[in-house]
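Under the UniProt record's numbering, the first residue of the sequence shown carries the number 1, and numbering increases by one thereafter.
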Amino acid sequence: MPEICPICGLPKDLCVCEEIAKEEQKIKVYITKRRFGKLMTVVEGFDADLIDVKDLAKKLKDICACGGTVKKDSIELQGDHRKKAEDILIGMGFSKNMIDVR
Numbered sequence: 001m002p003e004i005c006p007i008c009g010l011p012k013d014l015c016v017c018e019e020i021a022k023e024e025q026k027i028k029v030y031i032t033k034r035r036f037g038k039l040m041t042v043v044e045g046f047d048a049d050l051i052d053v054k055d056l057a058k059k060l061k062d063i064c065a066c067g068g069t070v071k072k073d074s075i076e077l078q079g080d081h082r083k084k085a086e087d088i089l090i091g092m093g094f095s096k097n098m099i100d101v102r
């Protein structure tokens, strides 16, 4: 018998908790300057309990073709990838209205 998700009550292979959580996240995408004038795109506002931030960071880094890291509940990408990150997040199922790009 398959495992049952404690949140939605569906079997684990049919669980929709992550899709529902994606639509409710208030995400901020902005850039900061680091040492030697390098730009860093920061994507934050994820609920780490509901969304796998490391997996999301890996997908963002692969598509943006850049390096980066996960610090606490935020993703840092090397370079200015604000527009590209927004498009990728929308494609992954996050709500366009809940993404704030600065």
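Where a beta carbon is used, it is the ideal one built from N, C-alpha and C, also for glycine. On a predicted model such as this, the values are computed, not experimentally measured, just so you know.
> Taking A65 as the reference, which of D52, D80, K26 and D13 has the closest Cα?
Replying inline: Closest by alpha carbon: D80.
> Which residue comes first and which comes last in the alpha helix (DSSP H) that contains K54?
Replying inline: Element bounds for K54: V53 to C64.
> How is N50 classed by DSSP in three states: helix, strand or coil?
Replying inline: For the record, residue 50 in the displayed sequence is Leu; it is not Asn. Reduced to three states, the DSSP call for L50 is coil.
> Is the segment 7 to 18 in contact with the segment 82 to 91, if contact means three or more CB pairs nearer than 8 Å?
Replying inline: Contact between the segment 7 to 18 and the segment 82 to 91 is absent, because fewer than three Cβ pairs lie under 8 Å.
> Under the three-state reduction of DSSP, which class applies to I7: helix, strand or coil?
Replying inline: Looking at I7 - three-state DSSP - the assignment turns out to be coil, as it is neither helix nor strand.
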